[in-house]
Amino acid sequence: MISWNSFSRALLIALVLTSSSLAFSQNTPPEKWPARPIKMIIPFSAGGPLDSLARKFGQKLTDILGTPVIVENRAGANGIIGADLVAKSAPDGYTMLFMTGSFTANPALYKKLPFDPIKDFSPITQLGRTYGLVLVLNDAVPAKSLKDLIALAKSRPGQLNYSSGGEGNLTHLAGELFNHSANIQITHVPYKGSGPALTDVLAGQVDMTFVSTVGSIQVMKEKRILPIAITSSIRSPALPDLATFTEFGYKEMEKIFGWYGLWYPAGTPTDRVDRVQQAVQQILKMPDIKAHFDEIGLMPVGSSPKDFSQFIREDIAYQDSLFKIAKVAKQ
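Anchor point for the sequence shown: position 11 equals 901 in my numbering, and the numbering is continuous, going up by one each time.
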């Protein structure tokens, strides 16, 4: 039988230990973040414009956050494989996604995704957006302006063609929106990537294509292809003499542009999301980054997590409407 004195001593010890434990937990500082390297997942192959831009931001974030930000390419399925990896990662601020507008196009293109683009991610910021896509022609097309091209297309319905980076690619949607807006019929020729699509325009195999201002400025400046209009509300500093579709009366083309963003998995602590967003705003103000953006035709954004979240919701709905115009069936 336990004596009263023994029970009292045990109770006293328990109370002392509990008090000590509570005092220790209250005095223990929260975990320092970041305390180890951060992975930046790029859901496309190495070597492209996205990869190059991500590595620049990765180095800048390394300097600001004081820990290595390691770029890791996880290509496949139009960015879905890499995005899914991030969606299923621990929400601790150590795995982020750096992706293009494919993020909002995929829900319109695929019947089923392995993640929910709204519920499974914490948007950090939209880093930047292109001024738009540029409609470019090869030298053999007898048109020197958008007005000439539309007149030519109306005189030859279905005979002219345009290449794209693939079924459902933004360059495909741009072409179909142009057909719809101008009431013309230019035939779509899908390729496995925007690179090959542009290569065959340069070679004279296809009449025209839409190209991003990112990565294609130099080819246009060398006059190897003829740029005739850009899908933007304002002219690009990299191509100041190039008129916008809006100037020609096709304002609906303004919504065709590429963009880049950062995401964390859903549930990532708000302070860590905000810290990265604030770091990106710092980076966008740096002279070398501003110069690089001007050089490749990119517009800085640096939106708040709330604004970026709203943009994503609206763009998913808009992409769905574009897919219906283009008559692209979900895969």
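Beta carbons are placed, not taken as given, at the ideal position from N, Cα and C, and that holds for glycine.
Since this is a predicted model, take the numbers as computed values, not measurements.
query                                                                                                                                                                      : result
What is the rounded straight-line gap between the Cα of G1157 and the Cα of S1106?                                                                                         : 38 Å
Give me the residue from V1166, P1190, G1192 and K1175 with the minimum Cα distance to L951.                                                                               : V1166
How would you write the range of the alpha helix (DSSP H) that N996 sits in, first residue to last?                                                                        : S992 to L999
In the DSSP assignment, what are the bridge partners of L951?                                                                                                              : L951 is not bridged to any residue.
Could you round the C-beta distance between S1071 and T1099 to whole angstroms and report it? I think they count as a contact, below 8 Å.                                  : Not quite, the Cβ-Cβ distance comes to about 17 Å (not below 8 Å), so this is no contact.
Would you mind stating whether V1024 and V961 have Cβ atoms separated by less than 8 Å?                                                                                    : no
Terminal residues of the continuous alpha helix (DSSP H) containing Q1167?                                                                                                 : T1160 to L1174
I want to know whether the region 1078-1096 touches the region 1005-1019 - three or more CB-CB distances under 8 Å.                                                        : no
Answer yes if the region 1023-1037 comes into contact with the region 1165-1179, meaning at least three C-beta pairs across the two stretches below 8 Å, and no otherwise. : no
Use the C-beta contact count for M930: other C-beta atoms within 10 angstroms, 16 or more gives buried, fewer gives exposed.                                               : buried
Under 8 Å, do Q1221 and K1082 count as touching if we go by C-beta distance?                                                                                               : no
Measure the C-alpha to C-alpha separation of K1180 and N1028 and round it to an integer number of angstroms.                                                               : 31 Å
At the level of alpha carbons, what is the spacing between T1134 and G1085?                                                                                                : 23 Å
So Y1150 and L940 are in contact, right, with Cβ under 8 Å, and what is the actual spacing, rounded?                                                                       : 7 Å
Alpha helix (DSSP H) containing M1098: first to last residue?                                                                                                              : M1098 -> not in any alpha helix (DSSP H); beta strand (DSSP E) instead, spanning M1098 to S1102.
DSSP on L1188, reduced to helix/strand/coil?                                                                                                                               : strand
Determine, using beta-carbon pairs with one atom in the region 1118-1138 and one in the region 983-993, whether at least three such pairs fall under 8 Å.                  : no
When you compare only the Cα positions, how much space is there between S1123 and D1161?                                                                                   : 35 Å
Quick check: F1011 and W1153, are their CB atoms within less than 8 Å of each other?                                                                                       : yes
If you check the beta carbons only, do E1057 and V1218 fall under 8 Å apart?                                                                                               : yes
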